[in-house]
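Presented below is the structure to which this report refers.
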Amino acid sequence: MKDFIFKMPTRVHFGNGVTKKLPDLCKELGGGKIFLISDPVIASTPIMTAVKAALDAGGADYELFTDTKPDPTIEMVDNTAKALADSGASIVVAVGGGSPIDLAKAVAMLQTNEGSVREYLFGGTKTVQNPSIPLIAIPTTAGTGSEMTAATVIGDMQNNIKLSVTHDYIIPKAALIDPQLHVGMPPIITASTGLDALTHAIESYVSLNAEPISDALGLHAMRLIGANLRTAVADGNNIEARSNMAVASLIASVAFMNGGLGVVHGIAQSMGGLHHTPHGIANGLLLPYAMDRNYVGNFRKFRDIAVALGIDVEGLSDRDAAYTAVEAVFDLQEDVRVPRTLKEIDIEEKDFQAIIDGTMPYRLLAVNPCKLVEKDIRGILEKAYEGR
Ligand SMILES: [Fe+2]
Numbered sequence: 031m032k033d034f035i036f037k038m039p040t041r042v043h044f045g046n047g048v049t050k051k052l053p054d055l056c057k058e059l060g061g062g063k064i065f066l067i068s069d070p071v072i073a074s075t076p077i078m079t080a081v082k083a084a085l086d087a088g089g090a091d092y093e094l095f096t097d098t099k100p101d102p103t104i105e106m107v108d109n110t111a112k113a114l115a116d117s118g119a120s121i122v123v124a125v126g127g128g129s130p131i132d133l134a135k136a137v138a139m140l141q142t143n144e145g146s147v148r149e150y151l152f153g154g155t156k157t158v159q160n161p162s163i164p165l166i167a168i169p170t171t172a173g174t175g176s177e178m179t180a181a182t183v184i185g186d187m188q189n190n191i192k193l194s195v196t197h198d199y200i201i202p203k204a205a206l207i208d209p210q211l212h213v214g215m216p217p218i219i220t221a222s223t224g225l226d227a228l229t230h231a232i233e234s235y236v237s238l239n240a241e242p243i244s245d246a247l248g249l250h251a252m253r254l255i256g257a258n259l260r261t262a263v264a265d266g267n268n269i270e271a272r273s274n275m276a277v278a279s280l281i282a283s284v285a286f287m288n289g290g291l292g293v294v295h296g297i298a299q300s301m302g303g304l305h306h307t308p309h310g311i312a313n314g315l316l317l318p319y320a321m322d323r324n325y326v327g328n329f330r331k332f333r334d335i336a337v338a339l340g341i342d343v344e345g346l347s348d349r350d351a352a353y354t355a356v357e358a359v360f361d362l363q364e365d366v367r368v369p370r371t372l373k374e375i376d377i378e379e380k381d382f383q384a385i386i387d388g389t390m391p392y393r394l395l396a397v398n399p400c401k402l403v404e405k406d407i408r409g410i411l412e413k414a415y416e417g418r
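Numbers in my numbering are just positions in the sequence shown, counted from 1, shifted up by 30.
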């Protein structure tokens, strides 16, 4: 067995109604004024009412900032970092899906590290030198896992690419996972973010960088998603399914922070920069097509995925058992009613070369279970374009 390091620096508070703990948690992390980052949609929902009620009940001093859009850009990060500095706040709370949490991670970092976020992006001129000011994340979706990880994805609109800042110093100090806040999430968001979580679990499990702890986490996340995603999409009020999906997302994110990701996230990041395809939609669409290419890289692990997703592989050869994992994900994709072809999301064949060019530099392609070249990425896109 190879040597490994395992990290899970974020403290997790999980439970229905755990949002009430927010003021005490802020005090524990140093107190002071709170810069509360969200988006205009979440700010108008009962989620923000619950967060504000908790802060008011605790007598907290806070400033709500909602001048944000999906997929933070360099300009948005730099402007928000300035607003945070001007506010005099000493702690950040992010409420939302992956975008507000990624934005919060970047702006908390820029309070203690000089310059523009542009300089800290992958391939940039600066590296993070100092720990961020404290950040607490309250995810309102069960999928991105941004509340647990060391990366923040930022759009460079001049070059139509998404890049990331990755450093342990930007990992949130704490995450409040409150499944009650997920009850109003629309089915398409539940489905697409849930498939993002499944992509984290599967890509980390078959990654060349996988280790025993990330393997255990990834498999359990797959079991939970296989057993609960359909119910969470069909009946958003089912708090048990919501709770299981929230746990699945959490542990899948810890799995991928340690085990890594693969080609699905590489293509999704490229499509996100070029076409603004939402992260969960891209991953949920591409996952089974990429598995169809990757399963030859590790029959035993793809067989394990099939079993974790509830498939009976008794009596099948290793190859046939592994392929049932691909079929199981196609079935799940169909059942939760997400887009299943690139045609459906208006990606055209003439777009493929730019998507491929954006995918090839993706750092984690190096740990994909099969070594993939341009031709392979094109093959995945061609299959995903036509569907099966
Ligand atoms: Fe993801």
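The C-beta atom is built at its ideal place from N, Cα and C for all residues, glycine as well.
Check: residue i C-beta below 6 Å from any heavy atom of ligand 1
| i | result |
| --- | --- |
| residue 226 | yes |
Span of the alpha helix (DSSP H) around residue i
| i | result |
| --- | --- |
| residue 54 | 52–58 |
| residue 72 | 70–73 |
| residue 410 | 404–416 |
| residue 309 | 309–324 |
| residue 394 | Element bounds for residue 394: n/a, residue is neither H nor E. |
| residue 362 | 348–365 |
| residue 67 | Element bounds for residue 67: not the alpha helix (DSSP H) but the beta strand (DSSP E), 64–67. |
| residue 305 | 293–305 |
| residue 31 | Per DSSP, residue 31 belongs to no alpha helix (DSSP H) and is neither H nor E. |
| residue 390 | Element bounds for residue 390: n/a, residue is neither H nor E. |
| residue 289 | 269–289 |
| residue 337 | 329–338 |
| residue 82 | 76–87 |
Residue i classed as buried or exposed, judged by whether at least 16 other C-beta atoms fall within 10 angstroms
| i | result |
| --- | --- |
| residue 418 | exposed |
| residue 267 | exposed |
| residue 200 | buried |
| residue 145 | exposed |
| residue 330 | exposed |
| residue 35 | exposed |
| residue 169 | buried |
| residue 187 | exposed |
| residue 328 | buried |
| residue 74 | exposed |
| residue 76 | exposed |
| residue 323 | buried |
| residue 366 | buried |
| residue 157 | exposed |
| residue 70 | exposed |
| residue 155 | exposed |
| residue 241 | buried |
| residue 164 | buried |
| residue 293 | buried |
| residue 308 | buried |
Option nearest residue i by Cα separation, candidates the options
| i | options | result |
| --- | --- | --- |
| residue 303 | 101, 274, 83 and 39 | 101 |
| residue 141 | 129, 122, 132 and 386 | 122 |
| residue 396 | 104, 130 and 295 | 295 |
| residue 89 | 56, 74 and 97 | 56 |
| residue 359 | 137, 374, 338 and 378 | 338 |
| residue 94 | 178, 133, 66 and 74 | 66 |
| residue 412 | 229, 163 and 320 | 320 |
| residue 204 | 269, 119 and 60 | 60 |
| residue 243 | 157, 276 and 284 | 284 |
| residue 117 | 162, 63, 129 and 271 | 63 |
| residue 223 | 196, 257 and 263 | 263 |
| residue 179 | 214, 195 and 185 | 195 |
| residue 41 | 374, 280 and 386 | 280 |
| residue 150 | 129, 115, 356 and 193 | 193 |
| residue 227 | 237, 286 and 78 | 286 |
| residue 202 | 129, 190, 211 and 177 | 177 |
| residue 390 | 300, 85 and 325 | 300 |
| residue 273 | 405, 355 and 206 | 206 |
| residue 181 | 400, 135 and 167 | 135 |
| residue 334 | 351, 345 and 318 | 351 |
| residue 234 | 276, 209, 219 and 282 | 282 |
| residue 210 | 106, 48, 33 and 253 | 48 |
Range covered by the beta strand (DSSP E) that runs through residue i
| i | result |
| --- | --- |
| residue 42 | 41–44 |
Minimum length 3: unbroken beta strand (DSSP E) runs contained in the segment 160–247
165–169, 181–186, 191–196 and 204–207
Which runs of the beta strand (DSSP E) fall wholly inside the segment 90–140 and span at least 3 residues, in chain order?
92–95 and 121–126
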